[in-house]
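Everything on this sheet refers to the single structure shown next.
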């Protein structure tokens, strides 16, 4: 059963924590995903086997945490993530998947002294603006303005309900429009067959971010889930490489 952290905003954030040596590895999941996903659970198993400190959690409106998904926005989930990170002592290595990649970048920008390393998997920075809003047709934009929400089909289950608040709040948290310095080792992983986040997004992030040690690995044929055994192995390798660099 998950532990629960109550935030200053009154949200109840469910999390699982594995005791071990630091830096603590923290998994940040994707949009409408949860901490029971393949990548999060695989990393937890790796952490237990290696005696590594590890945390996975659900943003509000996701998984076992409180709230409705439709009521949330990037800023809310960023605050949730910060609350989880603040509960953990010592340096942190963030592993951000899809939207979690965006939120991990926000955390790295907001609390650089805490973030010792960063691994992103199909990172989707600024996706509410560059993918959702940019992809809406005239009718969808009119519906969003008129009704405050629009439903988008999803390959992962029920349609995604996209709210006007999600779009507007996203504009307050963009990371590709202003300087983004990442002073820790960064390893980004991206599949070339990703139908949700184009390779161009990974290249744009690589070009935009500044820092002493930022590397991007493209995996031919890997999709957005990035959950095939060989992809899971690459995630572990990236995390271990970052941890080795921190120790070194």
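Numbering (UniProt numbering), first residue to last: 1 to 248.
Glycine residues also receive a C-beta, built at the ideal position from the N, C-alpha and C atoms.
These numbers come from a predicted model, not from an experiment.
Any 3 or more C-beta pairs closer than 8 angstroms across the segment 172-191 and the segment 133-146: no
Residue(s) in a DSSP beta bridge with residue 96: 28 and 120
Span separating the alpha-carbon of residue 199 from that of residue 217: 11 angstroms
Secondary structure of residue 6, DSSP reduced to three states: strand
Status (buried if at least 16 other CB within 10 Å, exposed otherwise) for residue 44: buried
Status (buried if at least 16 other CB within 10 Å, exposed otherwise) for residue 120: buried
Own chain residues within Cβ distance below 8 angstroms of residue 223, not counting five before or after: 191, 193, 194 and 195
Of the listed residues 130, 106, 77 and 46, nearest to residue 58 (C-alpha basis): 77
For residue 159, the nearest candidate out of 149, 165, 167 and 1 (CA to CA): 149
Start and end residues, alpha helix (DSSP H) containing residue 167: 164-171
Start and end residues, beta strand (DSSP E) containing residue 150: DSSP places residue 150 inside the beta strand (DSSP E), whose first and last residues are 149-154.
Endpoints, beta strand (DSSP E) assigned at residue 78: Where residue 78 is concerned, there is no enclosing beta strand (DSSP E), although the alpha helix (DSSP H) it sits in stretches over 74-87.
Span separating the alpha-carbon of residue 84 from that of residue 114: 12 angstroms
Sequence-distant residues of its chain with Cβ nearer than 6 angstroms to residue 72 (five each side left out): 60 and 61
Euclidean distance between Cα positions of residue 37 and residue 212: 32 angstroms
Coil, strand or helix - residue 65 by DSSP: Reduced to three states, the DSSP call for residue 65 is coil.
Buried/exposed call for residue 32, threshold 16 Cβ in 10 Å: buried
Beta-carbon separation (whole angstroms), residue 51 vs residue 20, contact threshold 8 angstroms: 5 angstroms
Endpoints, the alpha helix (DSSP H) within which residue 37 is located: Residue 37 -> no alpha helix (DSSP H), and no H or E assigned at all.
Pairwise C-alpha distance: residue 123 and residue 202: A direct Cα-to-Cα measurement between residue 202 and residue 123 gives close to 7 angstroms.
Coarse secondary structure for residue 197, derived from DSSP in three states: Three-state result, residue 197: coil.
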